[in-house]
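Going left to right, the sequence shown walks through residues 1 to 128 as full-length UniProt numbering numbers them. Where is the CB? At the ideal position from N, CA and C, for every residue including glycine. What follows is a set of notes on a single structure, which appears directly below.
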Amino acid sequence: MFSVTVRDHMMVAHSLPDPFFGPAQGLHGVTYVVELTFFRPELDEHGVVIDIGAATQRLGEVTGALRYRNLDDLEEFAGVVTTTEVVARHVAHRVVEGLDTTPFTAVEVRLHEHPDAWATYRLELPGR
């Protein structure tokens, strides 16, 4: 299995309105380092998993739509507690929208909250 990972970052604001989250219940900011990995069993005719430039551009489109936004104000997160895991899932699903995923078995998004903590969401793609 081959993989290629690209990286970006985004600064967002959100709240986690549940006593479980203690002080993070209130509005606060977070800078996520976002890693996007594409997986496929064989390389394409060019000897690559995906063009790194194309992967970087697609990730930037998705993170750019969230960058400097308050996630609590976005319709796609209405009624959802925007944990790191939930945001990772959102990014993965947005990345594959409109993308020919035929060659890939999965995409994985890892959001680093800080150097010692991160969450990962792996989206298995149909047909593989």
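Using DSSP's beta-bridge definition, name the partner residues of residue i.
i    : result
A117 : H114
G29  : A13
F38  : V4, V107
What three-state label does DSSP hand residue i in the structure shown?
i    : result
F2   : strand
L123 : strand
Verify the contact flag: residue i, CB atom, against every heavy atom of the ligand PLP, threshold strictly below 8 Å.
i   : result
F39 : Among the ligands in the structure shown, none appear at all, so the ligand PLP cannot be discussed.
For residue i, count neighbouring Cβ atoms within 10 angstroms of its own Cβ and tell me buried if that reaches 16, exposed if not.
i   : result
V91 : buried
Y68 : exposed
R7  : exposed
Distance, Cα to Cα, residue i vs residue j?
i    : j    : result
V48  : T5   : 12 Å
H114 : V33  : 8 Å
M10  : F39  : 23 Å
G98  : F20  : 37 Å
D72  : T31  : 16 Å
D18  : T105 : 36 Å
V80  : V107 : 23 Å
Below 8 Å on the Cβ atoms is my guess for residue i versus residue j; work out the distance and round it to an integer in Å.
i    : j    : result
L36  : L59  : 5 Å
A13  : G29  : 5 Å
T83  : L125 : Actually they do not touch by this definition, with Cβ atoms about 23 Å apart.
Y121 : A88  : 4 Å
D44  : P103 : 7 Å
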